[in-house]
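K.L.:
Residue numbers (my numbering): 1 to 395.
1. Do residue 29 and residue 110 have their C-beta atoms within less than 8 Å of each other?
2. Keeping to the same chain, check which residues put their C-beta closer than 8 Å to that of residue 264; ignore five residues upstream and five downstream.
3. State the DSSP-derived secondary structure class of residue 242, mapped to helix, strand or coil.
4. Would you please state the rounded distance, in angstroms, between the beta carbons of residue 351 and residue 300? I believe it to be under 8 Å.
5. Using a Cβ-Cβ cutoff of less than 7 Å, which residues in the same chain neighbour residue 160 once the five nearest sequence positions on both sides are dropped?
6. How many angstroms separate the CA atom of residue 186 from the CA atom of residue 64?
7. Could you give the DSSP three-state label for residue 2: helix, strand or coil?
8. Between 100, 86, 15, which has its C-alpha nearest residue 115's C-alpha?
9. If you run the structure through DSSP and keep just helix, strand and coil, what is residue 17?
10. If the criterion is Cβ atoms closer than 8 Å, does the pair residue 126 and residue 106 meet it?
11. Here's a check: name, in chain order, each residue in its chain whose Cβ is nearer than 7 Å to the Cβ of residue 231, leaving out the five neighbours to either side.
12. Can you tell me which of 18, 81, 45, 61 puts its alpha carbon nearest to the alpha carbon of residue 74?
13. Out of 283, 144, 163, 373, point me to the one whose CA is closest to residue 2's CA.
14. Between the Cα of residue 97 and those of 321, 61, 113, spot the shortest distance and give me the residue it belongs to.
15. Are there 16 or more other CB atoms within 10 angstroms of the CB of residue 260, so buried, or fewer, so exposed?
16. Assign residue 203 to buried or exposed, taking buried as 16 or more other Cβ atoms, counted over all protein chains shown, within 10 Å of its Cβ.
17. Could you tell me how far apart the beta carbons of residue 355 and residue 337 are, in whole angstroms, since I believe they sit closer than 8 Å?
18. Does residue 76 pass the burial test, meaning 16 or more other C-beta atoms within 10 Å, or should it be called exposed?
19. Along the chain, where does the alpha helix (DSSP H) containing residue 122 start, and where does it finish?
20. When DSSP labels each residue in this structure, what does residue 194 get in the three-state scheme?
21. Please tell me whether residue 313 and residue 377 are closer than 8 Å, where the distance is taken between their beta carbons.
22. Residue 12 and residue 101 - do their beta-carbons sit closer together than 8 Å?
23. Tell me, to the nearest whole angstrom, how far the beta carbon of residue 331 is from that of residue 296; I am working on the premise that it is less than 8 Å.
24. Using DSSP with H/G/I as helix, E/B as strand and the rest coil, what is residue 267?
25. Ordered along the chain, which non-local residues of its own chain (more than five positions away) have a Cβ less than 8 Å from that of residue 66?
26. Considering just the uninterrupted stretch of the alpha helix (DSSP H) at residue 302, what are its terminal residues?
27. By DSSP, does residue 166 sit in helix, in strand, or in coil?
28. To the nearest angstrom, how far is the alpha carbon of residue 41 from that of residue 31?
29. Have a look at 167, 373, 16 and flag the residue whose alpha-carbon is nearest the alpha-carbon of residue 254.
30. Could you pull out every residue in the same chain whose Cβ sits closer than 7 Å to the Cβ of residue 383, ignoring the five residues on either side in sequence?
31. Here's the rule: buried if 16 or more other CB atoms are within 10 angstroms of the residue's CB, otherwise exposed. What is residue 194?
32. Could you give the uninterrupted runs of the beta strand (DSSP E) lying entirely in the stretch 18-106, keeping only those of 3 residues or more?
33. Buried or exposed for residue 385, going by 16 or more other Cβ atoms inside 10 Å?
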């Protein structure tokens, strides 16, 4: 039995970290949330984001689902929801959703507190009180089947598809074999390889849902005058040796491994526990995509990069993997696993086993490079006008 040392939760799988999350409901409250977290201590983390106070209804629902999901992530032991006090986003609804998962929760309104200075003081005290409720929690042995493992790629180059991505895919296969959940996303990067993923779907309903999501992403881009097939690979990808969207997508999907696709969930929708390989419908923007998986419950993320990326997350540790030997050397302090050894003859299975061992070590408390440097990017996927119209039935 494969295990890790995690934090037992009263409702759901174990966490790999034990944080008080400070969740601002809009950009207006984000700086205040940051200051509260900075003052309250090492185990208090904020999730500042770019979303405004008065989004359309469908966008508001996605924001609330994302923030609720982040607060329910197993790595969060307690949460403080911070609003400016003028948003249409419902701070109380977010708090209620987090509390339903058995987490201690408090809310804070900047207006009701009497302004930013008073709000920071009140929030710092509230965060400290919440930490006192969860700070005595200790790690215990947990089965790896409780892990939901998110995988991501960014700054891809030719080495990504032949080294880093398939090696991470081996780690995903290992976790699925041990009863856990692996998930990858970035739906625009399925284009050109969607037929291969479709063949791996466990049944026709999953297959149809996958192809519908790919079509919807491509149609949404076309309505904005963007040809995704013509716009990919990006200039950076091309400089790194990728030549076509099909080549990029074929490399990208290898990071999910080889097991059957058992489902596809919406952005920030809760991922199943013990669910095998599950896809999440997200945009191609790395930070938003990672946040979607964390909101879905992923406790750990592996992020492959060829040209180099230092993206992290405030709630989930991000394991950085590169298949490029130059990146492994130049960004040694930012990488956790050097998969470029595949180019020198090490087998993908052996590198994948190293990544799986790293996953278990990180889940047990080992800090990643991004954590050591407090690289904690956070952004919520913003629905575009044409996507909002489609959700309302207008497209």
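Built from N, CA and C at the ideal position, the CB exists for glycine as well.
P.N.:
So, from the data block:
1. Taking 8 Å as the cut-off, the beta carbon of residue 29 is found closer than this to the beta carbon of residue 110.
2. Taking C-beta separations shorter than 8 Å and ignoring five residues to either side along the sequence, the partners of residue 264 in its chain run 206, 209, 210, 213, 278, 279, 280, 281, following chain order.
3. Model confidence at residue 242 stands at a pLDDT of 48, short of 50, so the residue's coordinates are unreliable and nothing is read from them.
4. Going by Cβ atoms, the distance from residue 351 to residue 300 rounds to 17 Å, so no, they are not a contact pair.
5. The beta carbon of residue 160 lies closer than 7 Å to those of 153, 251, 304, 306, 323 in the same chain, with the five residues before and after it left out.
6. Distance from the CA atom of residue 186 to the CA atom of residue 64, rounded to whole angstroms, is 21 Å.
7. It is coil, neither helix nor strand.
8. Residue 115 has its Cα closest to that of 86, out of 100, 86, 15.
9. Coil.
10. Yes; because the gap between Cβ atoms is below 8 Å, this pair is in contact.
11. Confidence in residue 231 is poor, its pLDDT being 49 and thus under 50, which makes the residue's placement too unreliable to answer from.
12. When only C-alpha atoms are compared, the closest one is 18.
13. Per the Cα distances, 144.
14. Comparing Cα-Cα distances from residue 97 to each of 321, 61, 113, the minimum goes to 61.
15. When all chains shown are included, residue 260 counts as exposed.
16. It counts as exposed.
17. Your pair residue 355 and residue 337 checks out as a contact, with CB atoms roughly 5 Å apart and the cut at 8 Å.
18. Result: buried.
19. First-last of the alpha helix (DSSP H) with residue 122: 116-134.
20. Three-state result, residue 194: helix.
21. Yes, they are a contact pair.
22. Between residue 101 and residue 12, the C-beta gap is smaller than 8 Å, which places the two residues in contact.
23. 28 Å between Cβ atoms; not a contact.
24. In the three-state reduction of the DSSP assignment, residue 267 falls in the coil class, being assigned neither a helical nor a strand state.
25. When the five nearest sequence neighbours on each side are left out, the beta carbons in the same chain lying within less than 8 Å of the beta carbon of residue 66 are those of 267, 268, 291, 292, 295, 380, 381, in order along the chain.
26. Taken as a continuous stretch (DSSP letters only), residue 302 belongs to no alpha helix (DSSP H), being part of the beta strand (DSSP E) at 300-304.
27. Residue 166 falls in the helix class under three-state DSSP.
28. For residue 41 and residue 31, the distance between alpha carbons rounds to 16 Å.
29. Nearest of 167, 373, 16 to residue 254, Cα basis: 167.
30. Its chain contains 58, 59, 62 as the residues whose beta carbon lies nearer than 7 Å to that of residue 383, once the 5 sequence neighbours on both sides are disregarded; these appear in chain order.
31. Under a 10 Å Cβ-count criterion, residue 194 is classified as buried, with 16 or more other Cβ atoms of the shown protein chains found around its own Cβ.
32. Considered as a whole, the stretch 18-106 harbours 19-24, 44-46, 76-83 as its complete beta strand (DSSP E) runs of no fewer than 3 residues, in chain order.
33. Because the pLDDT of residue 385 is 49, which lies under 50, any placement of that residue in the model is unreliable, and the number read from its coordinates should be weighed accordingly. Classification for residue 385: exposed.
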